[in-house]
Structures are given as C-alpha cells and as structure tokens.
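Comments concern the structure below.
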Amino acid sequence: VQLSSYESESLRTSDESDYFGSVHIVSEGNISSEKQDLFSFCVNSSGDIFSKALIFKKKMFFEKRIRRAFSRFVPEQIIDSLVSQTDTSDEKIGVGETRAVAILFSDIRSFTNISEKNKPDVLVAFLNRYFTVMVDIIKKHGGTIDKFIGDAIMAEFGTPVSYEDNCKRAVSAAYEMRDALPTVELGDLVMPEGMTFNIGIGIHYGDVIVGSIGSKDKVDYSVIGDNVNLASRLEGLTKTYGVQLIVSDSVKADAGEDSFFFRHLDDVRVKGKKNAVPIYAVDRSAEEFPPEYKDAYTKGMDLYKKGIWNLSCDYFKKALEAVKDDKAAALMLERCEEFIKNPPENWDGAIAFHTK
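Note that the sequence shown covers residues 669 to 1024 in this note's numbering.
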C-alpha cells in the first residue's frame, strides 16, 4: 500500500510538564487541513486527560494502601485525613520526621504465670477478646495502635494525626481501659490462685521519630527513640509502686491538673536515661486516698529528697497508718531505712533503676 499522508503529534500535557509518547496516523489519501487540526486538538487535549487519569490512579492506590495498613488500629477519621493528603509521592509516604507524641504502654500483670496455667488456644482466645476491648477504647480517644508485643499494647496519641490535647486523650483512654477490665470475658481462662486480672499502664510525652520502618518485604508505621523506651519503663514501674497507671511529669504538665487527679510517687532515673523524671500515679478521684495519707506522703517525699531519711521514715509510717496496704509508702519506708544504714553517694533525690 502506498502512503500519501502521515501526521504525528506528541502526547504531552498542555504545560509540557509530562510527556507520554507520540500518536501517529497514516492515510492512503490526503488528510484535509480540517482533519489535521482536529487530530492535533484531540491529541493535545488527551495529554491532560492522561495526566489526570494517572494522578487519580495513584491517589486510589495511595488510599487503598493507607486504609489497608491502618484500618484495624486507627480511628476512621484519622484515615480519612491521611487519604485526603494531596502529595502521594513515594518519598512523602511514611517519610521519617520528629514529632511530639504521647506514648502509651499497657501490660497484663503476671501474664507469664497466667500462661503457665492455661492451654495455648485458651490464651489466644482470651487475648483476642482483651485486645478488642482495649483497641476500641484507644481508637475512640484518637489513639493509634503501634503494635502488640505478646500481651502488651503500644499505642500513640499524636501520630499519624495530632491533636491539641494528645496527653489528655492518652490519660482519658488509660482511665477507660482501667475501668473496662471487668467487662473483658475471661472465658475458660484460669487465673493462678490468689491472683486477679489486672493491667499496668505507663504514659510518657516527648519527641520521637515517626515513619515507616522495616525492610523491603515488611514495613510498619511506628515510632522510635528514647522517649518510647521511657514510656515502656514507666509501665514496668507500676508493679514496683503498686499502681495501675503511671505518667511522667511531661504528661502531667500537658494534660492539665484540672482534668485528672495526679499524685506524685517518686523521682526516678530509669535505665538508659541520665536525667531524673518525676513520676505520678493517676487516681480515679480526689477521694481515692484520704487527705492524711497524701499529706504524710508528700512531707515524707520532701524530706526523702533532701536526704533527711530518719524524719521521712516517720511520715511514710503515718502514710501506711492511713492506707495500710499501700505499696508505694511501704517501698519508700523500706528505702529510707536502708539509706539510713547505707547512705547513697552523691544523693540528688532520685532513685536509679538499672533494670528494664
């Protein structure tokens, strides 16, 4: 076949920012000028249509990716906010950044002992029921589930979407988690003799590194840094001080004393941290502990930090008279008595914990 006409146009956007290729037409006869103009118009218009179609496809892929990754552990309104972002480049998705976040760790008390008393299928069924209740509460308050570590839960308030009251949300979630324990069905779970189902919760607020972390085959959206480790340490201290919930001074300052009932427990220097951190229990109400207990404990702590341990002993004894089974006052009394016998060197009012 002998060709008598040939036309070619580049397929690109009107602003020439994207190039997709070229379109060619051939004809055995002459192509009229009207058809040439129509061909040019159609090809030039198609460039912008191609560009918008590719952007739409990429946004749909991004939305599916976000919803698949977060739907089980993140509130729906946060997912909606994420998928509404206009920048969907791979470099921007999950990019690392530093952000102030409230980190919450919770852990089932004596879970190792519980595990020894129960069959694997019973444990798994129980954990699934427990996690369902706790996750719903955390999501309700705007938190994000980072991961499950055995029986522990790690959650954040402030990423991927941040609020003005992240700490208040975290403490409110901890309140509700604590109160929801009786609603968790034990099922066939057997508790060790003399033990009740209980949890410990630690919350710290500070800067962390946020981003998608992992390998090319498995990536998790997570947070890392010293402040994450501190939150975990605070959860561990709940057993030491005999309370369900411990928060750091940064949480207390950000959440506000008008909303919660903070009670100073101690100043601690946990493993991996140089500076001492004041820690606080969060009571259910102002009446949970009698005034005489709180007054005696506060005065005892003041003397203890100054190194006047003989007088601080007297006040911790008074605190124990007011609340006989208080583990924190008993711990402080025991520590003061030990310090009287063996004074610590370079005392600065803070106790160091060398284990996790």
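All C-beta atoms in this analysis are idealised placements derived from N, C-alpha and C, irrespective of residue type, glycine included.
From a predicted model like this one, the values you see are computed outputs, not experimental measurements.
Sequence-distant residues of its chain with Cβ nearer than 6 Å to residue i (five each side left out)
i    : result
A768 : D875
L913 : A842, I869 and V950
E759 : Caution is warranted here: a pLDDT of 45 is assigned to E759, below 50, making its placement in the model unreliable, and no coordinate value can be reported.
A899 : I771, F773, G870 and H872
I761 : Note that I761 has pLDDT 46, beneath the 50 cutoff, so the model's placement of it is unreliable and the number below is only indicative. Answer for I761: no residue qualifies.
S682 : D716
N834 : A770, F825 and G826
L905 : I914
K920 : F930 and Y948
G924 : none
G975 : W1015
K785 : V858 and P860
G968 : S980, Y983 and F984
Bridge-paired residues (DSSP) for residue i
i     : result
F729  : According to DSSP, which records beta bridges pairwise, F729 is partnered with nothing at all.
L913  : I869
A921  : In the DSSP output, where bridge partners are listed per residue, A921 has none listed.
I813  : A823
P1011 : Per DSSP, none; premise fails for P1011.
F930  : V950
E678  : The amino acid occupying residue 678 in the given sequence is Ser; Glu does not appear at that position. S678 is bridged to S690.
A1020 : R937
Y889  : S880
Own chain, CB closer than 7 Å to residue i, minus 5 neighbours either side, in chain order
i     : result
S927  : K836
T754  : Here T754 scores only 48 on pLDDT, less than 50, and its place in the model should not be relied on; the value that follows carries that caveat. For T754, where only same-chain residues beyond five positions count, there are no Cβ hits under 7 Å.
P946  : D917, H932 and D935
A1020 : R937
C1004 : Y972, W977, S980, C981 and F984
A1035 : Lying outside 669 to 1024, the shown extent of the chain, residue 1035 is not represented and no answer is given.
Assumed close pair residue i, residue j - CB separation to whole angstroms, cut-off 8 Å
i    : j     : result
I877 : G862  : Not quite, the Cβ-Cβ distance comes to about 43 Å (not below 8 Å), so this is no contact.
E903 : D994  : About 20 Å; that fails the 8 Å criterion.
V790 : L849  : Not confirmed; about 18 Å, so no contact.
F865 : D819  : About 11 Å separates the two Cβ atoms, so there is no contact after all.
Y948 : V915  : 5 Å
K852 : V801  : The amino acid at residue 852 is misidentified as Lys; the sequence shows Val. Yes, they are in contact, since the Cβ atoms of V852 and V801 sit about 5 Å apart, within 8 Å.
Y687 : S678  : 7 Å
F908 : L1001 : One detail in the question is off: residue 908 reads as Thr in this sequence, not Phe. Rounded, the Cβ-Cβ distance is 14 Å, inconsistent with contact.
Beta carbon proximity, residue i to chain B, threshold 9 Å
i    : result
S701 : Annotation note: the requested chain B is absent from the structure, which comprises a single protein chain.
Cβ shell of residue i (< 8 Å), same chain only, five flanking positions each side left out
i    : result
L971 : W977, L979, S980 and Y983
I867 : S774, D775, I776, R777, M845, R846, L849 and Q912
Where the alpha helix (DSSP H) through residue i begins and ends
i    : result
E765 : Premise fails: E765 lies in the beta strand (DSSP E), E765 to I776, not in any alpha helix (DSSP H).
F984 : W977 to A990
V792 : P788 to K808
D970 : P959 to K974
D847 : N834 to D847
F779 : F779 to K785
Count the CB pairs spanning the segment 801-816 and the segment 936-943 that are closer than 8 Å, and state whether there are at least three. no
On the three-pair Cβ rule with 8 Å, is the segment 955-968 touching the segment 979-989? yes
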